[in-house]
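For reference, the structure discussed in these notes is given below.
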Amino acid sequence: MNQRYIISIDQSTQGTKALLLDYEKELRILTRADRPHEQLVNEKGWVSHNPEEIYENVVGVVKDLMEKAFVLPEQVAALAISNQRETSLIWDSRTGKPLADAVVWQCSRAADICGRDYIADKADIIAAKTGIPLSPYFPAAKLCWLLENTPDAVTLMKEGFLRMGTVDTWLVYRLTQGREYRTDYSNASRTQLFNIHTLQWDEEICGLFGIDPACLPAVTDSDACFGITSCGGLLPQGVPIAAVLGDSHAALFGQNCEAPGQTKVTYGTGSSIMMNVGSTPSASTKGLASSIGWVRSGRPVYVLEGNLNYTGAVITWLTKDLKIADNAWETSPLAEEALQDDDVYFVPAFSGLGAPYWDSHAKAAISGMDRTTGRNELVRAALESIAYQSGDVISAMEEDSGVRIREIRVDGGPVANRFLMQFTADILDCAVSIPEAEELSAMGVGLLAGITLKVLPEDIRETFIRRRNITPSMADGMRRKKLSGWKKAVESVLSR
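All residue numbers for the sequence shown refer to the working numbering, where the first residue is 850 and numbers rise by one.
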């Protein structure tokens, strides 16, 4: 029986999803499956995930897909993986079991490590080598925290039995039953341990964080074979893991942002705003990260990126925590019914502010309320905060690159929010391009796997992704007024 399917897995912050891509005649998404995992938040606000639950859910969504679509194991050609990126974990190679819960990218428990004099004094060197501003957001400090706070971790590292890394490395390791210990360049470039100029783990920086680079995974091209997997016995013949990308990089690839200057925003729990800058890294002077978009056949593509901690999570906060909206779909009409010219601003710094501020001690706040402020106005301010944060990063990108961004390509669940997309176009004063296809991270890495296996043409992204555009309609005076109010609101919550 002919192989005709690629299973593309997107392991994200809230859960794991998988797409079944049928490439036999004309590429189509046959079906999808989703499984959530528990968000472990303690009294200190530390955010963790159970690595075993994540692995089991990956196997589970593959099983769900195959059962829903009546797919036989021998019809599956390959797996592809995109992943939440900076979430960090450690495990014992002798047992394959995690030594602690994973520290989620949102979690700032490692802030004190970044504040240590011998590390803080090297912040400029760290940024120059890794392209990343020193922050507890990234795995370097998170892995250091795990080493210092997990019994026997340092001993295991010295003995050569410790394994560590991001979620992609964990999944490749488990899916190949410990035979492969690898990460791809996109994920490695986000660890703050990888030199994006030499394309190697940096011994000096690893040493600062107490990490032996010999214990880190091999770094592999994004379109290489990451090993053969039976996916927990579901695919007994074994199939290749044919592509791995960090989720935001996978979305950039899926959005066909191949030319320098092309930019996309991926909305998830947080958001990644990413610009292709070409074949050489571009250093930022505005608080952005310079990373590797992907490496294909040995050729790197570099990006500028800004990361926001709370965007889609703001909508979750409205619906699940405040309960002032029944569901995400309700937030758009509520915001449209609100007063539009008041001074209410919401800064969602629940775990500090990411790019371009990088202030892990900033606190969330709502400002400018008066007696006319009600539910609708709070919902509107919360949605607007997503656009304002994106605008801060886009402005920094334009200054760093010298490129005026005329279009941003967007993906992720919040693109269905009509109010948010129009307000984003208005505040950024540029077109917002929305693809018909959903889940661009899963799609992007699945397309890369298909191109790698030569079952899909190189130009598939140009023909497969259809789009619609939203254009700005806000008057310049109103835009300036709103942006000025936002800047004041942000200044009021910064810790410095």
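Think of the CB as a built atom: it goes at the ideal place given N, C-alpha and C, for glycine as much as any other residue. Everything numeric in this text was worked out from a predicted model, so none of it was measured.
message = For A1100 and S1120, what's the separation of their Cα atoms in angstroms?
response = Rounded to the nearest whole angstrom, the CA to CA distance from A1100 to S1120 is 12 angstroms.
task = Consult DSSP for S857 and reduce its assignment to one of helix, strand or coil.
result = Looking at S857 - three-state DSSP - the assignment turns out to be strand.
key: Where the alpha helix (DSSP H) through D961 begins and ends   = For D961, the enclosing alpha helix (DSSP H) has its first and last residue at 960-963.
task = Name the two residues that bound the continuous alpha helix (DSSP H) containing M1006.
result = In the DSSP assignment, M1006 falls within the unbroken alpha helix (DSSP H) covering 1002-1008.
query = Are there 16 or more other CB atoms within 10 angstroms of the CB of V890, so buried, or fewer, so exposed?
reply = V890 is exposed by the Cβ-count criterion.
ask   = Taking the alpha helix (DSSP H) that L1296 falls in, what are its first and last residues?
value = Annotation: the continuous alpha helix (DSSP H) that includes L1296 extends over 1289-1301.
key: Buried versus exposed, by CB contacts within 10 Å (16 or more), R1148   = Exposed, by the Cβ-count rule.
ask   = Among V1088, H1046, S1038, A1280, which residue has its Cα nearest to the Cα of A1067?
value = Across the set V1088, H1046, S1038, A1280, the C-alpha of S1038 shows the shortest separation from the C-alpha of A1067.
For A1291, the nearest candidate out of A867, Q863, V1281 (CA to CA) = Comparing Cα positions, the closest option is A867.
request  = Identify every residue that forms a DSSP beta bridge with M1124.
outcome  = Its beta-bridge partners are T1112, L1153.
query = So what's H1046 in DSSP terms, helix, strand or just coil?
reply = DSSP places H1046 in coil when its eight states are reduced to three.
message = Quick check on this structure: which residue in R1012, A1280, D1275, E1285 has the alpha carbon closest to the alpha carbon of L1330?
response = Sequence check: residue 1330 is Lys here, not Leu. Selected option, being the one with the closest Cα: D1275.
inquiry  = Taking 7 angstroms as the threshold (C-beta atoms), are M1218 and V1193 in contact?
reply    = Yes, the pair counts as a contact, with Cβ atoms nearer than the cut-off.
inquiry  = Between F1058, K1113, A1132, which has its C-alpha nearest L1289's C-alpha?
reply    = Per the C-alpha coordinates, the member of F1058, K1113, A1132 positioned closest to L1289 is K1113.
Proximity below 7 angstroms, CB of D1249 to CB of K1135 = Yes, these two residues count as a Cβ contact at 7 angstroms.
inquiry  = Taking a contact to mean a Cβ-Cβ separation below 7 angstroms, would you say T999 touches A959 in this structure?
reply    = For T999 and A959, no; Cβs fall outside 7 angstroms.
ask   = Where in the segment 889-966 do unbroken runs of the beta strand (DSSP E), each at least 3 residues long, occur, reported from the N-terminal end onward?
value = List check, beta strand (DSSP E) in window: 896-898, 925-932, 937-941.
Assumed close pair A1298, A927 - CB separation to whole angstroms, cut-off 8 angstroms = At roughly 5 angstroms, the Cβ-Cβ gap stays under 8 angstroms, so A1298 and A927 are in contact.
Start-to-end residues for the beta strand (DSSP E) that takes in D883 = Note, D883: beta strand (DSSP E), 877-885.
key: Residues bridged to I1141 [DSSP beta-bridge criterion]   = Its beta-bridge partners are Y1151.
Residue from D1308, V1264, V1163, G894 with nearest C-alpha to A1214 = It is V1163 whose Cα lies nearest to the Cα of A1214.
message = Quick check on L1171: buried or exposed, where buried means 16 or more other Cβ atoms within 10 Å of its Cβ?
response = So L1171 ends up on the exposed side.
request  = Confirm, please, whether the CB-CB distance from I930 to L1020 is below 7 angstroms.
outcome  = For L1020 and I930, yes; Cβs fall inside 7 angstroms.
ask   = Going by DSSP, which residues form a beta bridge with D1260?
value = BP columns for D1260 point to T1115.
Spatial distance of K1337 from R1220 (CA atoms) = So the alpha carbons of these two residues sit roughly 21 angstroms apart.
query = By how many angstroms is the C-alpha of V1144 removed from the C-alpha of Y1034?
reply = Between the alpha carbons of Y1034 and V1144 lies a distance of about 6 angstroms.
task = Run the CB neighbour count on F1313, radius 10 Å, all protein chains shown included, and call it buried at 16 or more, exposed below.
result = Under this definition F1313 is a buried residue.
task = Go to V1281, then tell me how far its beta strand (DSSP E) extends in each direction, as first and last residue.
result = For V1281, the uninterrupted beta strand (DSSP E) run begins and ends at 1280-1284, by DSSP.
request  = Quick one: using the 10 Å Cβ neighbour count with 16 as the cut-off for buried, is M1246 buried or exposed?
outcome  = M1246 should be labelled buried.
ask   = Taking only runs of the alpha helix (DSSP H) that begin and end inside the segment 1219-1271, which ones reach a length of at least 4 residues, in chain order?
value = Those alpha helix (DSSP H) runs which fall completely within the segment 1219-1271 and span 4+ residues are 1224-1250.
ask   = What do you reckon, are the CB atoms on G1082 and I1122 nearer than 7 angstroms?
value = Cβ atoms of G1082 and I1122: not closer than 7 angstroms.
task = Using a threshold of 7 angstroms, state whether the C-beta atoms of I855 and V911 are closer than that.
result = Taking 7 angstroms as the Cβ cut-off, I855 and V911 do not qualify as a contacting pair.
query = Name the DSSP beta bridge partners of R1316, please?
reply = Paired residue(s): P1284.
ask   = Would D1051 be called buried (16 or more neighbouring beta carbons within 10 Å of its own) or exposed?
value = Its Cβ being crowded by 16 or more others within 10 Å, D1051 is buried.
request  = Give the DSSP bridge partners of D1208, in chain order.
outcome  = DSSP lists L1202 as partners of D1208.
request  = Starting from F1102, follow the alpha helix (DSSP H) in both directions and report where the run begins and ends.
outcome  = Residue range 1096-1103 is occupied by the alpha helix (DSSP H) that includes F1102.
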